[in-house]
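First up is the structure itself, then whatever we jot down about it.
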Amino acid sequence: RPAPDAGPAAWDDYLYTRDNPAGETRDLWQHEAGCGAWLLVRRNTVTHEILNVTLAKDGGDHAD
Numbered sequence: 014r015p016a017p018d019a020g021p022a023a024w025d026d027y028l029y030t031r032d033n034p035a036g037e038t039r040d041l042w043q044h045e046a047g048c049g050a051w052l053l054v055r056r057n058t059v060t061h062e063i064l065n066v067t068l069a070k071d072g073g074d075h076a077d
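Structural data, given as C-alpha cells:
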C-alpha cells in the first residue's frame with residue numbers, strides 16, 4: 014500500500030494494476046444484464062476458451 018502522500022501514479026498502480034496471467038484462470042463473474050447470478054468461470058486467457066461455468070451459490074468446484 015502506498016503512503017498516504019504518495020502521488021497519483023502510485024495510487025493508480027495500487028488500485029487498478031493486476032496480474033494478467035496467460036493460461037487458465039478462475040474468475041467470479043456476475044450476469045448483470047440478465048438474471049444477476051454470480052458465476053464461477055474457468056477459462057483460458059490465451060485461447061479464450063471457456064472451460065467450465067458453475068453457479069457460485071452451488072459452490073462451483075470447477076470440476077469438468
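Residue numbers for the sequence shown follow the numbering used here, so the first one is 14 and each next one is one higher. Cβ atoms here follow ideal geometry from the backbone N, Cα and C, with glycine treated the same way. Owing to the predicted nature of the structure, the values given are computational and were not obtained by experimental measurement.
Enclosing beta strand (DSSP E) for residue i [first to last residue]
| i | result |
| --- | --- |
| D40 | 37-43 |
| N33 | N33 -> no beta strand (DSSP E), and no H or E assigned at all. |
| V54 | 51-57 |
| T67 | 63-68 |
Boundaries of the alpha helix (DSSP H) in which residue i is found, first to last residue
| i | result |
| --- | --- |
| A23 | 21-29 |
Closest residue to residue i among the options (Cα-Cα distance)
| i | options | result |
| --- | --- | --- |
| H44 | D32, A69, Y29 | A69 |
| P72 | H61, W51, E62 | Note that residue 72 is Gly in the sequence shown, not Pro. Answer by Cα proximity: W51. |
| T60 | P34, D18, W42 | P34 |
| N65 | W42, D26, A19 | W42 |
- Message: Could you check whether the stretch 55-67 touches the stretch 37-46, counting it as contact only if at least three pairs of C-beta atoms, one from each stretch, sit closer than 8 Å?
- Response: yes
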